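In what follows, a single structure is set out as structure tokens and then discussed.
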Amino acid sequence: MNRKLGIVGAPVTIAQPNMGVDLGPNSMRHAGLIDRLKNLSIKLEDYGDIEVPMDGTYKINPKINLKNLEEVTQANESIANSVKDIKKKGEFPLILGGDHSIAIGTIAGLHEYYQNMGVIWYDAHPDLNTGETSPSGNIHGMSLAASIGIGHEKLINLNGSAPKVKPENVVIIGARSIDEGEKKIIQERGIQVYTMHDIEKHGMNEVILKAINYLQERTDGVHLSLDVDGIDPAYTPGTGTPVEGGPSYRETRYAMQLLHESSLLTSVEVVEVNPLLDDQNKTAEIAVDMLTTLFGEKYL
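392 is the number of the first residue of the sequence shown in the numbering used here; add one for each residue after it.
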């Protein structure tokens with residue numbers, strides 16, 4: 392994982408209602424991300440942020456129950472192109488969000504480089520809704536569904552035909568807020584899910600090692616999509632959809648340490664850091680802690 396990193400910010404905020412998540416990429420930079428990665432002797436290039444269409448209004452087509460479909464699609468096309476450019480240079484993509492809709496573009500940009508790409512989705516939510524099942528119409532709750540080929544054609548066919556990831560190559564970790572439509576997809580598509588009940592029962596060590604072993608056997612590259620609301624909001628208050636009862640700071644940091652030791656990951660994104668909802672940039676600092684642990688930072 393410690394070859395040259397290509398870093399890009401994806402300040403998308405139009406796939407959910409809370410203004411401020413577009414400030415997430417720079418809040419992580421200000422929290423010391425770049426310097427701490429360089430202190431690990433990691434070579435990197437920060438390509439700045441992509442341009443995102445945003446006029447502050449939220450448009451919804453009631454027939455399809457999708458808010459800002461055109462703008463979200465356009466933003467994710469830019470993300471996909473940026474990720475492809477990073478991959479072409481032989482760099483390890485690190486994408487700084489932005490809301491979780493950016494995963495549609497990230498995964499779309501990655502998929503052509505792998506025959507059997509896997510995804511670890513560390514999140515309180517599975518993000519497996521569609522316009523038909525979503526209570527809100529917010530596309531950030533549909534990003535994993537789109538990536539496995541379920542949802543509106545503009546989302547699932549972005550940068551190539553669907554699906555970008557096979558459902559059986561997905562592992563969701565930390566889920567504890569699952570809508571009925573999402574439960575149905577999980578059961579029908581055979582998606583591997585470790586809920587908070589599984590973490591409480593078996594411990595983070597066993598859950599992560601099972602996920603690593605499961606994906607090593609069937610994939611040729613693994614993307615980590617780390618949503619800060621996957622962590623308990625006692626540690627990450629600066630996020631728009633907090634859910635109580637999540638993994639602690641220490642459990643999540645240990646998970647990142649295990650993933651580093653596995654050398655499994657081939658790309659990473661971190662999403663849903665919202666400084667306007669935060670307490671003195673605490674959430675961005677914790678996101679940086681998780682990323683630097685993922686790339687080898689240790690206490691000693």
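For glycine and all other residues, C-beta sits at the position ideal for the given N, C-alpha and C.
Only a predicted model underlies this, so the values are computations on that prediction, with no experimental measurement involved.
Helix, strand or coil at residue i according to DSSP, with G and I counted as helix
i           : result
residue 572 : helix
residue 582 : coil
residue 688 : coil
residue 481 : coil
residue 635 : coil
residue 496 : helix
residue 606 : helix
residue 430 : helix
residue 541 : coil
residue 673 : helix
residue 419 : helix
residue 559 : helix
residue 577 : helix
residue 642 : helix
residue 525 : coil
residue 552 : coil
residue 630 : coil
residue 463 : helix
Which residues DSSP lists as bridging residue i, in chain order
i           : result
residue 436 : 397
residue 513 : 564, 617
residue 654 : None, per the DSSP bridge assignment.
residue 661 : 487, 617
residue 508 : 612
residue 451 : 458
C-beta contact flag for residue i and residue j at 8 angstroms
i           : j           : result
residue 512 : residue 474 : no
residue 517 : residue 535 : yes
residue 437 : residue 398 : yes
residue 627 : residue 677 : yes
residue 675 : residue 419 : yes
residue 537 : residue 495 : yes
residue 503 : residue 469 : no
residue 428 : residue 528 : no
residue 586 : residue 602 : no
residue 489 : residue 662 : yes
residue 415 : residue 519 : no
residue 539 : residue 526 : no
residue 679 : residue 396 : no
residue 431 : residue 687 : yes
residue 596 : residue 422 : no
residue 664 : residue 629 : yes
residue 559 : residue 581 : yes
residue 638 : residue 590 : yes
residue 522 : residue 455 : yes
Anticipated Cβ contact below 8 angstroms, residue i with residue j, distance rounded
i           : j           : result
residue 467 : residue 499 : 7 angstroms
residue 477 : residue 401 : With 8 angstroms as the limit, residue 477 and residue 401 do not qualify as a contact, their Cβ atoms being about 12 angstroms apart.
residue 570 : residue 524 : 6 angstroms
residue 655 : residue 606 : 7 angstroms
residue 471 : residue 550 : 4 angstroms
residue 684 : residue 651 : 7 angstroms
Check: residue i C-beta below 7 angstroms from any heavy atom of the ligand MG
i           : result
residue 595 : Only the bare structure without any ligand can be found here, which leaves the ligand MG out of the picture.
- Tell me, please, whether the region 503-518 touches the region 611-630 by the rule of three or more beta-carbon pairs shorter than 8 angstroms. yes
- Would you say the region 637-649 touches the region 661-668, given that touching needs at least three Cβ pairs under 8 angstroms? no
- Item | Any 3 or more C-beta pairs closer than 8 angstroms across the region 630-645 and the region 449-464 | no
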